[in-house]
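Down below is the structure, laid out as structure tokens.
Protein chains in written order, with this note's numbering: chain A, 1006 to 1567; chain B, 1006 to 1567.
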């Protein structure tokens, strides 16, 4: 069946021009761009006054951060014009290992959204982490046979790269041998250290936070992924990279974007829109969002409206505002007038599905499990800093006689990280300041990067209750007060993803947040986000894992007691 | 061993900037670009006031046209700053089939010049051709295992592509499946035919002869190879492609360049030099000559002065004049102050070498072999047009009583194409006008694309003598007068290549041309060049092959007699 899009204006990403051309499509490919007529097609779509634009590609994202399954994500982003994503299944791999990657591959197979993956390079993220799995170079190697595996995902272990860590280099070598790309993650790395990192084969970075940092990377041959997600928003600082010559070596990515943000704000379209609003060329921004992503990842004949190219095409009613009206994925019309046509959900092997849906392997909790043995009156308290993932160490006098050290007046709450993958019984207990709960407790199985069960509360009883609420639903987040569950988000897939649409997750999430605010934690604290990173032992200074407190700079466990 | 190039100015092809940086090299790779100091290196080269530039890559050339072996070619072009070439062994494949390709691979293995190949797509060029071999998709497939095979070479059979010829599509499909590139060759193809050709997977073209033609191809997603060789010189007409945005999708190629031209004029450096002299940006031209060629062909970490990149580096004493002083190939200094260091010639398997050195399989000729049986007084004569490869049909009255039809007054000479690969005894005989010989005869085994033995002469005796001179030396070109050999160029490898340096071939060639001019053919006629293409049955209108005259437009044999 041949389909003609006529009377439109093609956004040409090779010439950065707007060309009045008709576009002919057959068998999922564009077969002609030119003076084609109605009689050459079976179906004719008149797109007078509109723009025919290549579909957008997100060059780096974590599907898990959207809390959606690949199929639900496809629905959420296709309407925003994203027809391809390159995902790093780092989170689910930390929970479910190879099964997690397999699940992601199967759950995204055959979607109208082209879903590619990079292999998670750092599982677990550090030797201190007690994740659900460990992935060696041997474990990863076999995945390269799958055509949707494009390379090695963000190499966060730049210390390992710079110091020639054997296992790290083996993973890099495998990707190089396979002729695949290797993404970087090395914020603020510069000069000779950056040279060493780039020389090792790391070809991109999405952690740039200044124009100068981006320029240095481009000069050194890296591609810069301009990131605009939920927490990390680098677009404004990197806006000059949208100019020549820099834009030729940039792509656009979201990295981590929450369901509510995707639902309300959009996806890659939102980045293009904002860049254009800031005065940048729509052609250049669209080029960064399409052919350049395809070029970087070696995706053939993808990312342009040109003969032979995959017919991933957007019809925009407004170029500057990036108003997506229709979307064609491999030549099929999947979005019409902004509305999605039905999408078939890929079937996942049932044992694989069971594996990722039953990621919790931990017994139910009791209040006594949260009791801290008093050994010293002076303890290290994790002090959270607003709007930052950094934490500080606060040496505080603990009044053990008062609720086993919890002190609502000084905002000293109890925090627990409960190993939940292998039922080891490990748990780290400590105190945290800066969250602001005045009653109840909150818990979440989103806890970077090992995704153990993390609980913060004002009483051991409520901590046990909220932990059990999450355990019983097989993952997610919840808020409890006086033993009663106030709200919850159910994330049964790996404890990370729901199987409901963005809108519903967004609504549940909103209700949960309102409940948490009702317990006293203010919006400014971003309590769930803060909680999700308080266990990430790569961000300074004082963190907590399943064994207790961690001195991030020394990369070692440290006693609660001073 | 670490080598430091200090105090130079790096030509940065990512940012199009000239950066004052030091460059550190180790194990054939650049490992740092920045403020490195003497104590970080074992060898320090001070290049104050000079430019540190990536080595040039010729994106499409026929080594056979240089008449040199790969090793001699390496010597000839390295001093001009070419560190990589992508060659189409089309000519030797037409003579020796798979052996010809194997020979080229072995004879170029391990040279400091990085020699890559595309697989000849059209051997023989047309069904009318009686070449030394026929290469099917099956024959080609196995070659993709070699890492230096980058794809399928210029697909000249655009009629076959546009009409879905099964064998042509099989060759294309194989290249696509292997993820390799497919070069095009489709002069003046435009509009819907071009769409079909591009849709089939043809990703580049080197036959563009106007800016508009180049723009159309770039808009449609093809890469344009700006060609400047010996006969075809498109640079001046395509000069505006050196501007943005077009230059982003262009590379530089020589296609066919003769040894004398390489010796006197240069190689890719000559193209960059001329573009700069015409006011174009040196950074852009160098980018087209380096990273963009590497990018198009999927060569990883090649074509830039950046960390991790192969240390193919030029030291230029003048940027605008592209004065190449030193050349580093994979970190080794192979040219110093314009002089070549010694280059090891690759060893070729002896049976393979014998095969390509004994490509002549034809008996010695006698004068009687050139006799034409008079059947009609009106004959079709091939009329050559000065400075064109096109020929016309001239219906002439032949006076058979006078030298079997040869008529020096009307410049009607005799021409013969003698099958020389398989001793079939086939020979095409006819008459040719426009060459201008007044005595003697000339012969050559360079006769596109089948490279049979072609002879033009003023007498049957001298035609036999000159044919035998070429046969006895196993290939090449010669001029004879009254039975005496005046001059010759010996090309024993496939009848196409010498094993002597460019300078020597150039000198021999010059002597031969002087001899030919002494026989009456003027320089303006370009007699050897004209002779080399009078058997190419894809260029209109009247040509001659081993079976006699060919009507190119009808693609069929046609009688000598009217």
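Even for Gly, the Cβ is constructed at its ideal location relative to N, Cα and C.
None of the values given here were measured: they were computed from a predicted structure.
According to the DSSP assignment, residue 1219 of chain A belongs to the alpha helix (DSSP H) that extends over 1216 to 1224. Along the segment 1515 to 1535 of chain A, there is no position whose C-beta sits under 7 Å from a C-beta of chain B.
Straight-line spacing of the CA atoms in residue 1255 of chain B and residue 1180 of chain B works out to 21 Å.
Comparing alpha carbon positions, the residue from B:1544, B:1456 and B:1534 closest to residue 1501 of chain B is B:1456. Taking 8 Å as the CB threshold, residue 1311 of chain A lines the interface with chain B. Identification of residues in the segment 1201 to 1213 of chain A having a C-beta nearer than 9 Å to some C-beta of chain B yields 1201, 1202, 1203, 1204, 1205, 1206, 1207 and 1208, given in sequence order.
In this structure, the CA atom of residue 1019 of chain A is about 6 Å from the CA atom of residue 1223 of chain B. Taking residue 1550 of chain B as reference, the option from B:1459, B:1411 and B:1397 with the minimal CA-CA separation is B:1459.
For chain B, the residues of the segment 1312 to 1326 of chain A that bring a beta carbon within less than 7 Å of one of its beta carbons are 1312, 1313 and 1314, in chain order.
Residue 1027 of chain A sits in a strand when the DSSP states are folded into three classes.
Note: residue 1397 of chain B is bridge-paired with B:1388 in the DSSP secondary-structure output.
For the segment 1124 to 1158 of chain B, the set of positions with a beta-carbon nearer than 9 Å to some beta-carbon of chain A is empty. Contact between the segment 1044 to 1051 of chain B and the segment 1274 to 1283 of chain B is absent: fewer than 3 CB-CB pairs across the two stretches fall below 8 Å. Annotation: the segment 1286 to 1350 of chain B contains the following complete segments of the alpha helix (DSSP H) (minimum length 4 residues), in chain order: 1287 to 1293 and 1296 to 1302. Between residue 1060 of chain B and chain A, the shortest Cβ-Cβ separation is not below 8 Å. Residue 1390 of chain A is positioned such that its CB atom lies no closer than 8 Å to that of residue 1418 of chain A. In this structure, residue 1435 of chain B and residue 1565 of chain B form a Cβ contact; the two beta carbons are roughly 6 Å apart against a cut-off of 8 Å.
Sequence-distant partners of residue 1203 of chain A (beyond 5 residues in either direction) whose C-beta falls short of 7 Å from its own C-beta, in its chain, are 1225, 1226 and 1227. Taking C-beta atoms under 8 Å as the contact rule, residue 1035 of chain B and residue 1310 of chain B qualify, at a distance of about 6 Å. DSSP, reduced to helix, strand and coil, places residue 1186 of chain A within a strand of the structure shown. One Cα belongs to residue 1285 of chain B, the other to residue 1559 of chain A, and the distance between them is close to 55 Å.
In the structure shown, residue 1063 of chain B adopts extended strand secondary structure according to DSSP, grouped into three states. Within the segment 1107 to 1120 of chain B, contact with chain A at the beta-carbon level (separation under 9 Å) is assigned to no residue.
Going by C-alpha positions, residue 1515 of chain B is about 16 Å away from residue 1448 of chain B. Nearest CB-CB separation between residue 1068 of chain A and chain B: not below the 8 Å threshold.
Contact annotation: residue 1298 of chain B and residue 1308 of chain B have beta-carbon atoms nearer than 8 Å.
Counting the other Cβ atoms within 10 Å of the Cβ of residue 1207 of chain B gives 16 or more, which makes it buried. Restricting attention to B:1480, B:1532, B:1077 and B:1467, the CA atom closest to the CA of residue 1264 of chain B is found in B:1077.
C-alpha of residue 1368 of chain A to C-alpha of residue 1354 of chain A: approximately 27 Å in a straight line. Collapsing the DSSP output to three states places residue 1435 of chain B in a strand. In the three-state reduction of the DSSP assignment, residue 1072 of chain A falls in the coil class. With a cut-off of 8 Å on Cβ pairs, the segment 1459 to 1475 of chain A is in contact with the segment 1374 to 1383 of chain A, counting three or more such pairs. Of the residues assessed, residue 1363 of chain B falls on the exposed side of the cut-off, its CB having fewer than 16 other CB atoms within 10 angstroms.
Here DSSP, grouped into helix, strand and coil, assigns residue 1041 of chain A to coil. If the five residues before and after residue 1013 of chain A are omitted, its C-beta is found closer than 6 Å to the C-beta atoms of 1052, 1055 and 1057, all from its own chain and listed in chain order.
For a cut-off of 8 Å, the C-beta gap from residue 1425 of chain B to residue 1450 of chain B is around 7 Å, short enough to register as a contact.
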